[in-house]
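Letter 84 of the first sequence, counting from 1, is numbered 87 in my numbering, and no numbers are missing.
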Amino acid sequence: MKLRFYNTLTQKKEEFEPIEKGRAGMYSCGPTVYNFAHIGNLRTYIFNDLLRRVILENGIKLDHVMNITDVGHLTSDADEGEDKMLAGAKRENKSVWEIAKFYEESFFNDISLLNIQKPEILCRATDHIDDMINMEKKIEDNGCAYFAGGNLYFDTSKIDDYGKLARLKVEDLQYGARTEIDENKRNNSDFVLWFTKSKFGDQDMKWDSPWGTGYPGWHIECCAMSSRYLGEQFDIHTGGIDHIPVHHTNEIAQAEAAIGKKPWVKYWLHGEFLVMDKGKMSKSSGEFLTLKLLVDKGYDPLAFRFLCLGAHYRKQLMFSWEAMEGASQGYKNLKNRISELMKNEQSYDGDKKRSYYLERFSGFINDDLNIPQALALLNDMIKDNKLGSKEKLDITKHFDQVFGLKLLEKEETDIPEDVLALADKREKARGEKNYTLSDKYRDMIREKGFEIRDSKDGQTIEKL
RNA sequence: GGCGGCGUAGCCAAGUGGUAAGGCAGCGGUCUGCAAAAUCGCUAUCAUCGGUUCAAAUCCGGUCGCCGCCUCCA
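In structure tokens, the structure reads:
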């Protein structure tokens, strides 16, 4: 099955044909490190990770770049609102640089817990200010920028297909619906390339530029960094669905204005939101769920990954504690079944089922990442009595290179001495058929968070 | 106002023209001293109305409800 993706740009599923055969260049919009990532953000990074793994599964070499946005960005172009980094710094009484470092580390910790592979290249915006300035110079040279009110703006009227990604009809947009309108703009859809006029005079993060001391607009960093690491034109750009109308629209406008070629990026893939019953999760509205909270409630981070794998990346996923509990149980059960297979490895495959499952799997994942169906296939495969446990484990291992659920890993949990002692007593009592006593010990063990499971070969102790 | 999308069992969800995947929960059986774990089996006509078609959850139109975006957002 050929690899196909849904391309936001064409609104169709398309066969993936990289610019260079056998090699893909991919850029993913990363986090702004001014606060913890919430589980909605993390869903998008899980989507990126699945995309990575599916590309690699197809034997394609991958250059994956992700940015870390550590430059403060205002909530609007009109010098209104707060600088997010600065707000974070004030909130925690730290410097903006400390804030960036702290939340960057927190982000890396989260993605590691979720078994998200690190991109080949991770790059910080503040390390690439020169690249941004250079690209902005090109945009200015190509006549697509103007200077007004102390800021350098991008002139969207110079782009005949502005808004093509989101199919924006510029005249129908309601500007100023939620933010102040910037009087310096020639067109409502114009945006800032470089700020010099900021109401934050004591700003730590500022750099010299041909337009004066200041800092870059938001959209330019992705263009500049992707261009540095992947070349002027490349294959795939990903991000959350919210980036389509503004961030990615403006990236395309800038990049194509700077390089003078189209298309800048061939395939655009966007991950849908994780939503709560009251709508999406948002950092600015205060309340949001972090991975740490899930862990504190006793959930395995990979159970959250499992939850995300159960829904297609282009569909909203409804998060609730009930759904989380279901995913947690489902993940535990799945691992239990697999560890059961490991106890008794038998090899047989009468009906060539192995190749059947591998083909079906590749069909699902290559069809625009249909991970939910691939996961259903795994369940079917494990239950298939035409296949030996050895084959099942083999296939599971193969599938798990894409799922990333650590299905074959058994976590080593140390069983405390007192639990071991109780287990011995329980086994002894049970041997003597003193079931009242042995059940009492079993209850005591359960209260300590461990569970006794009996089998032909005697009892085992599992952590609850 | 414009744009994008959704409504499938108690819950999370796949399926987008050929007669409803999978998981969780629940119920019943096997196993077990009893449990647990494992295992087998059972449980929906797809918001609603109308149309197209031999055939629709899937296509078209209406209605109701919901969500996202329109310069902070994953």
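Backbone N, C-alpha and C define an ideal beta-carbon position, used for all residues, glycine too.
These figures come from a predicted structure and were not determined experimentally.
Please work out which residues of its chain come closer than 7 Å, Cβ to Cβ, to LEU440, disregarding the five sequence neighbours upstream and downstream, and give them in chain order.
Closer than 7 Å at Cβ, skipping near neighbours: ALA432.
What residue does the alpha helix (DSSP H) around ARG46 start on, and which one ends it?
Counting along the chain, the alpha helix (DSSP H) containing ARG46 begins and ends at 42-60.
Among LYS64, ASP397, ASN38 and LEU467, which one has its Cα closest to the Cα of GLU101?
It is ASN38 whose Cα lies nearest to the Cα of GLU101.
Following a CB-centred definition, is ALA426 positioned closer than 7 Å to any heavy atom of the ligand HEM?
Questions concerning the ligand HEM fall outside what the structure shown contains, since it holds no ligand whatsoever.
Is LEU473 near THR399, with beta carbons less than 8 Å apart?
Missing from the structure shown is residue 473; the chain here goes from 4 to 467 and no further.
Taking TYR30 as the reference, which of GLU224, ASP460, LYS459 and THR199 has the closest Cα?
The residue with the shortest Cα to Cα distance from TYR30 is GLU224.
Can you tell me whether SER489 is buried or exposed? The criterion is at least 16 other CB atoms within 10 Å of its CB, across all chains shown.
Since the displayed the chain opens at 4 and closes at 467, residue 489 lies outside it and no answer follows.
Runs of 3 residues minimum, wholly inside the segment 104-142: which ones carry the beta strand (DSSP E) assignment?
Counting whole runs of 3 or more residues, the segment 104-142 contains the beta strand (DSSP E) stretches 124-127.
Assuming LEU155 and TRP210 make a contact with CB atoms under 8 Å, what is their CB distance in whole Å?
The pair is not a contact, with the Cβ atoms about 13 Å apart (cut-off 8 Å).
Select from ILE385, GLU414, GLY215 and TYR316 the residue whose C-alpha is nearest the C-alpha of ILE49.
Comparing Cα-Cα distances from ILE49 to each of ILE385, GLU414, GLY215 and TYR316, the minimum goes to TYR316.
If I measure Cβ to Cβ from ARG363 and keep anything under 8 Å in the same chain, skipping five residues before and after, which residues do I get?
Correct list, in chain order: LEU380.
Hey, how far is the Cα of ILE448 from the Cα of PHE8?
In a straight line, the C-alpha of ILE448 is about 50 Å away from that of PHE8.
Apply the 10 Å Cβ neighbour rule to SER160 and answer buried if 16 or more other Cβ atoms are within range, or exposed otherwise.
Exposed is the call here.
For the alpha helix (DSSP H) containing PHE198, list its first residue and its last residue.
Where PHE198 is concerned, there is no enclosing alpha helix (DSSP H), although the beta strand (DSSP E) it sits in stretches over 194-198.
Pick from ASP185, GLY434 and CYS226: whose alpha carbon is nearest that of ASN137?
If we check each option's Cα against that of ASN137, CYS226 comes out closest.
Return the chain-ordered list of same chain residues with a C-beta closer than 8 Å to the C-beta of PHE307, the five sequence neighbours on each side being excluded.
Closer than 8 Å at Cβ, skipping near neighbours: ILE42, LEU45, LEU117, LEU294, LEU297, MET327 and ALA330.
What span of residues does the alpha helix (DSSP H) with PHE402 cover, start to end?
First-last of the alpha helix (DSSP H) with PHE402: 392-406.
Confirm, please, whether the CB-CB distance from THR47 to GLY243 is below 8 Å.
Closer than 8 Å, so yes.
Output needed for SER350: all residues of its chain with C-beta closer than 7 Å, excluding positions within five of it in sequence on either side, in chain order.
The residues are GLY391, LYS393 and GLU394.
Assuming ASN145 and ALA261 make a contact with CB atoms under 8 Å, what is their CB distance in whole Å?
Rounded, the Cβ-Cβ distance is 7 Å, consistent with contact.
Quickly, what does DSSP pair MET29 with across the bridge? List them, please.
Beta-bridge pairing links MET29 to HIS67 and ILE239.
Hey, out of LEU277, LYS409 and MET88, whose CA is closest to PHE322's CA?
Comparing Cα positions, the closest option is LEU277.
Output the boundary residues of the beta strand (DSSP E) element that contains LEU272.
Here the beta strand (DSSP E) through LEU272 covers 268-274.
Quick check on DSSP: helix, strand or coil for MET321?
Three-state DSSP puts MET321 in a strand.
My output table needs one value for PRO375: the three-state DSSP class, helix, strand or coil.
It is helical.
By DSSP, does MET345 sit in helix, in strand, or in coil?
Helix at MET345.
Who are the Cβ neighbours of ALA27 in its own chain at under 6 Å, not counting the five residues just before and after it?
Cβ within range, chain order: PRO21, ILE58, ILE63, LEU65 and ASP238.
Can you tell me which of the three DSSP states TYR9 falls into?
Strand at TYR9.
Between LYS389 and GLY366, is the Cβ-Cβ spacing less than 8 Å?
Taking 8 Å as the Cβ cut-off, LYS389 and GLY366 do not qualify as a contacting pair.
Starting from THR252, trace the alpha helix (DSSP H) in both directions and tell me its first and last residue.
Here the alpha helix (DSSP H) through THR252 covers 252-262.
So, at 8 Å on beta carbons, what are the nonlocal neighbours of ALA377 in its own chain, with the 5 sequence-adjacent residues on each side left out?
Around ALA377: PHE364, PHE367, ILE368, PHE402, VAL405 and PHE406.
Once the 5 residues before and after LYS318 are set aside, which same chain residues still bring their CB inside 7 Å of it?
Around LYS318: GLU275.
Note the first and the last residue of the continuous alpha helix (DSSP H) segment covering MET88.
Segment 87-95, the alpha helix (DSSP H) holding MET88.
Sort out for me which residues DSSP pairs GLN462 with in a bridge.
Paired residues: ASP457.
Just to confirm, is the Cβ distance from LEU272 to VAL68 under 8 Å?
Cβ atoms of LEU272 and VAL68: not closer than 8 Å.
In terms of residues, what are the limits of the alpha helix (DSSP H) holding TYR444?
Residues 438-450.
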